[in-house]
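K.L.:
Residues in the sequence shown are numbered consecutively from 1, following full-length UniProt numbering.
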Amino acid sequence: MEGHADALCLGVDRTQTGYYYAGANAMVLQETLARAKEEVGEIEKTVTKRLGQSGVAFNVETGVAQIADLGRHVARLARFSDLVVLSQPYGKDRPAEAEAIVESALFEGRAPVLVVPDDVTLPERPKTVLVAWNESIEAMTAIRKALPMLQAADLVRVVVIDPPQHGPERSDPGGLLCQMLSRHGVKCEIDVLSKSMTRVSDVLNRHAVDTAADLIVMGAYGHSRFREAILGGATRNMLEKAKVPVLMAH
Numbered sequence: 001m002e003g004h005a006d007a008l009c010l011g012v013d014r015t016q017t018g019y020y021y022a023g024a025n026a027m028v029l030q031e032t033l034a035r036a037k038e039e040v041g042e043i044e045k046t047v048t049k050r051l052g053q054s055g056v057a058f059n060v061e062t063g064v065a066q067i068a069d070l071g072r073h074v075a076r077l078a079r080f081s082d083l084v085v086l087s088q089p090y091g092k093d094r095p096a097e098a099e100a101i102v103e104s105a106l107f108e109g110r111a112p113v114l115v116v117p118d119d120v121t122l123p124e125r126p127k128t129v130l131v132a133w134n135e136s137i138e139a140m141t142a143i144r145k146a147l148p149m150l151q152a153a154d155l156v157r158v159v160v161i162d163p164p165q166h167g168p169e170r171s172d173p174g175g176l177l178c179q180m181l182s183r184h185g186v187k188c189e190i191d192v193l194s195k196s197m198t199r200v201s202d203v204l205n206r207h208a209v210d211t212a213a214d215l216i217v218m219g220a221y222g223h224s225r226f227r228e229a230i231l232g233g234a235t236r237n238m239l240e241k242a243k244v245p246v247l248m249a250h
């Protein structure tokens, strides 16, 4: 199999030194660092074993970082990656920093992110891919980043939900996108759906199940919190409820 995987294994130092009495800081720091190093050692063993069985060339980078510094490490590697693969950031036993890791890869690293739900395996060549199309820059960015996967798929379904009646594509929703993809050798069809559920993410997830899709491709949307970008509500809802892997880009 062609390609190269870089795995970042970080132990998390959760020390908040300001909360300890004088003289205790050094002792607490030593204990938390030892725990973080032990944690990253176990992660490294597991990752090395799994990647070694994959047949893909790989490199494993390890380290210990404080929670506030996790994003910097993730963004640094994301900038030089074609794709960042992460687990679903929400759910049982998920650490609070999981969402920030996704945000760092998307908004600071500017990399496409593939979020894979628990107990779900993305096939090497997806058969059916859903593309969520709303004419936005973010959606087009995700589509361009996902083009190799779209070209490898048996069928790409361009999903348009409640297209605007007065938009530039009002007479043929998704038509120009489908034309562009076809010129790249992608076999695609257009599904125009009504927003029959409260959230667009719920409509997409249900359609993914109904069509036995292997992957959803969509734009990642955010808003500013001071100088940082954070996930917008629609993107967060999608990642919370996703039943199949989701490839996002911003």
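Using N, Cα and C, we set each Cβ at its ideal position, and we do this for glycine too.
Just so you know, these numbers come straight off a predicted model, no measurement behind them.
For glutamate 103, I'd like the list of residues in its chain whose CB is within less than 8 Å of its CB, leaving aside the five on either flank, ordered along the chain.
P.N.:
For glutamate 103, where only same-chain residues beyond five positions count, the Cβ hits under 8 Å are Gly71, Gly222, Glu228, Ala229, Ile230 and Leu231.
K.L.:
Helix, strand or coil: how does DSSP classify methionine 248 here?
P.N.:
If DSSP states are grouped into helix, strand and coil, methionine 248 belongs with the strands.
K.L.:
Give me, in chain order, the residues of the same chain whose beta-carbon lies closer than 7 Å to that of valine 192; leave out the 5 immediate sequence neighbours on both sides.
P.N.:
Answer for valine 192: Val160, Pro163 and Pro173, listed in chain order.
K.L.:
Just tell me which of Gly3, Pro168, Ala212 and Thr198 has its CA closest to the CA of serine 136.
P.N.:
Per the Cα distances, Pro168.
K.L.:
Give the secondary structure of arginine 170 by DSSP, where H, G and I count as helix, E and B as strand, and everything else as coil.
P.N.:
The answer is coil: DSSP assigns arginine 170 none of H, G, I, E or B.
K.L.:
For leucine 130, write down the residues that DSSP places opposite it in a beta bridge.
P.N.:
For leucine 130, which the question treats as bridged, DSSP gives the partners Arg157 and Ile216.
K.L.:
Exposed or buried, serine 54, counting other C-beta atoms within 10 Å across all chains shown (16 or more means buried)?
P.N.:
Serine 54 comes out exposed.
K.L.:
Between which two residues does the beta strand (DSSP E) containing alanine 98 stretch?
P.N.:
Careful: alanine 98 lies outside any beta strand (DSSP E), inside the alpha helix (DSSP H) at 98-103.
K.L.:
Thinking valine 47 and cysteine 9 are a contact (beta carbons under 8 Å), I'd like their distance in whole angstroms, please.
P.N.:
The pair is a contact, with the Cβ atoms about 6 Å apart (cut-off 8 Å).
K.L.:
Restricting to Cα atoms, I'd like to know which of Met248, Val131, Pro148 and Val74 is closest to glycine 3.
P.N.:
Checked all of Met248, Val131, Pro148 and Val74; the closest Cα to glycine 3 is Pro148.
K.L.:
Leaving out the 5 sequence neighbours to the left and right, which residues in its chain are closer than 7 Å to alanine 212 when beta-carbon positions are compared?
P.N.:
Hits under 7 Å: Thr128.
K.L.:
Rounded to whole angstroms, what's the CA-CA distance from alanine 5 to arginine 50? Just pull it up for me.
P.N.:
For alanine 5 and arginine 50, the distance between alpha carbons rounds to 12 Å.
K.L.:
If we count the other Cβ atoms within 10 Å of its Cβ and call it buried at 16 or more, is phenylalanine 107 buried or exposed?
P.N.:
Answer is buried; the Cβ neighbour count reaches 16.
K.L.:
Are the Cβ atoms of valine 158 and leucine 114 separated by less than 8 Å?
P.N.:
No. Outside cutoff.
K.L.:
Measure the CB-CB distance between leucine 204 and methionine 238 and report whether it falls below 8 Å.
P.N.:
A contact, by the Cβ cut-off of 8 Å.
K.L.:
Are the Cβ atoms of serine 201 and lysine 243 separated by less than 8 Å?
P.N.:
No, these two residues do not count as a Cβ contact at 8 Å.
K.L.:
Checking 8 Å against the spacing of the C-beta atoms, do valine 120 and isoleucine 67 come in under that value?
P.N.:
No.
K.L.:
Could you check the C-alpha separation between histidine 184 and leucine 130 for me, to the nearest Å?
P.N.:
The straight-line gap from Cα to Cα measures roughly 17 Å.
K.L.:
Report all residues from its chain with a CB closer than 6 Å to the CB of alanine 57; omit the five preceding and five following residues, and keep chain order.
P.N.:
His4, listed in sequence order.
K.L.:
DSSP three-state call for aspartate 119: helix, strand or coil?
P.N.:
The answer is coil: DSSP assigns aspartate 119 none of H, G, I, E or B.
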